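Novice:
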Amino acid sequence: AGPLRPPPPLRPSPLRRLHEACMIDRYTRPAMGRIWTLENRYRAWLDVELAVCEAWGELGRVPADAVARIKARAAIDVDRILAIEEVTRHDVIAFLTSLEEKVGPEARYIHLGCTSSDIVDTANALLLVQAGTLILSDLDALLATLADLARRHKGVLCMGRTHGIHAEPTSFGLKMLGFYAEFVRHRERVQAGLESVRAGKISGAVGTYAFLSPDLEARALARLGLAVDPHSTQIVQRDRYAHFFTSLAIMAGGVERLCVELRHLQRTEVLEVEEGFAKGQKGSSAMPHKKNPISAENLCGLSRLLRSNALASLEDQALWHERDISHSSVERVIMPDSTILADYVLARLDRLLRGLVVKPERMRENMERSYGLYFSQRVLTALIATGLPRQQAYEAVQRLAMQSWESRTPFPDLVRADAAISGRLGAETLKDLFDPAYYLRYEDAIFERVLAA
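Each residue of the sequence shown is one higher than the one before, starting from 69 at the first, in my numbering.
This is the structure in structure tokens:
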């Protein structure tokens, strides 16, 4: 039958020549998308190589005129690099070969003493810092929107719910303020994760500086604005990456928590808020009346992807010895995907909140759907204050509360009509007990505490 023919080369798709990011264009905003183009990735590699050459030049190992010629002639040719990679099956070697073609004899000084991960991991730090900086900017915009939403709806009473059931009143301003406080913490975590990945390494094949030096590394990374990883192997250890991607995952959990709240509040039976609905927008191909919470639902789904990617980053921590390559394929996906998604999710959530239609009158209507039962704890504590044993007071209030719900009679009316309770509390106390403004008496203090922090 003869020998088997070797398989044909896996040629890069035309799309790969333009963009290495795996995330679809639908969720890719232009500024973040540009960070993950192949051209920008190779540009980051080149920045690292040039920083190393300049550091060698400062140390006298590479002639100054050679460094100058390298900087003048080195250029990125994406198509040429990909064509070479089809033969070499090694992306960094393809990149270096392309540079050699452009630079000429002085190219022998490029990559001097380095291993591929010196370049790739340090460049990854540059790319993640670029992406993380955009995400922090997105968070700042979202925080401003949440703070504005909270301030504008301070004092707007709405029903607080636990287990999905009416509990006691709060305000829509306090509800949004709670999400603001949470996203402040998300920003702090993302910032800390970004600082974890803001580190590079130029330490050689197993981190021993066999053909390099700590001094060279420090000089090169200083030029790039990166910290020195104090103990690298062939790579920067992936706990740094896991820190960053898990901070995005926790943030995604916060996005979904807010969007679940907005989805509930948009249900027909609740309808306390609505997503903005543009002129010409359609909600359903079958039902013309539909206005669906599509943005909140979309963001819940994308948040799940961000959390899933974080698990992959955690799995990448345990590599063999000084390094294996099992993490590389994962990171080619999750680095662009997670940062692109985070950028999109935060921007879409900000747009959703800026266009949110809030319905205070509906909130008051919904408060009365439980017939004033939310006053039950006030009556309970007032009875206890008169000296009535707690369990006896609880049973008396619960009896009236169940009667109110079953008969659809306002709870305050039943309390006033109960001779034992009204006789014990008095008309003036009862009047004070049924004032909803009581529940917001510390609203100013909460706002001051959160916004001051």
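Backbone N, C-alpha and C define an ideal beta-carbon position, used for all residues, glycine too. Only a predicted model underlies this, so the values are computations on that prediction, with no experimental measurement involved.
(1) Go to residue 376, then tell me how far its alpha helix (DSSP H) extends in each direction, as first and last residue.
(2) Taking the beta carbon of residue 135 as the centre, do at least 16 other beta carbons fall within 10 Å, making it buried, or is it exposed?
(3) To test your reading of the DSSP string, which unbroken alpha helix (DSSP H) runs of 4 or more residues are found completely within the region 215-292?
(4) How about residue 110 and residue 518: do their beta carbons lie closer than 8 angstroms?
(5) For residue 266, tell me which candidate among 437, 243 and 294 has the shortest Cα-Cα distance.
(6) For residue 432, which residues of its own chain have a beta-carbon under 7 angstroms away from its beta-carbon, when the five flanking residues on both sides are left out?
(7) Would you mind sorting residue 178 into buried or exposed? The rule is 16 or more other CB atoms within 10 Å of its CB.
(8) Over the uninterrupted alpha helix (DSSP H) stretch that includes residue 410, give me the two end residues.
(9) Compute the distance between the beta-carbons of residue 468 and residue 482, then report whether it is under 8 angstroms.
(10) Taking the alpha carbon of residue 334 as the reference point, which residue from 359, 323, 477 and 315 has its own alpha carbon closest?
(11) Can you tell me whether residue 301 is buried or exposed? The criterion is at least 16 other CB atoms within 10 Å of its CB, across all chains shown.
(12) Do you know offhand how far residue 93's Cα is from residue 405's?
(13) Okay, do the region 249-265 and the region 276-291 touch, 3+ Cβ pairs below 8 angstroms being the bar?
(14) For residue 196, which option in 330, 372 and 403 has the closest C-alpha, if you only look at C-alpha atoms?
(15) For residue 349 and residue 343, I'd like the C-alpha separation in whole angstroms.
(16) Determine which residues share a DSSP beta bridge with residue 295 and list them.
(17) Within the continuous alpha helix (DSSP H) that includes residue 101, where are the two ends?
(18) Alpha carbon to alpha carbon, how far is residue 272 from residue 183?
(19) If contacts are defined as beta-carbon pairs under 8 angstroms, then residue 327 and residue 367 qualify, I think. What distance do you get, rounded to the angstrom?
(20) Name the DSSP bridge partner or partners of residue 174?
(21) Taking the alpha-carbon positions, what's the residue 387 to residue 397 distance?
(22) Return the CA-CA distance between residue 497 and residue 434, expressed in angstroms with no decimal places.
(23) Helix, strand or coil: how does DSSP classify residue 342 here?
Specialist: In this structure, then:
(1) 362-383
(2) buried
(3) With a minimum length of 4 residues, the continuous alpha helix (DSSP H) runs that stay inside the region 215-292 are 240-265 and 282-292.
(4) No, they are not a contact pair.
(5) 294
(6) Taken in chain order, the residues that qualify are 225.
(7) buried
(8) 394-422
(9) yes
(10) 359
(11) buried
(12) If you draw a straight line from the Cα of residue 93 to the Cα of residue 405, it is about 11 angstroms long.
(13) A contact between stretches requires three or more CB pairs, one per stretch, nearer than 8 angstroms, and the region 249-265 fails this requirement with the region 276-291.
(14) 403
(15) Whole-angstrom Cα-Cα distance: 12 angstroms.
(16) 267
(17) Unbroken alpha helix (DSSP H) run through residue 101: 98-103.
(18) 5 angstroms
(19) 5 angstroms
(20) In DSSP, residue 174 forms no bridge with anything.
(21) 13 angstroms
(22) 26 angstroms
(23) strand
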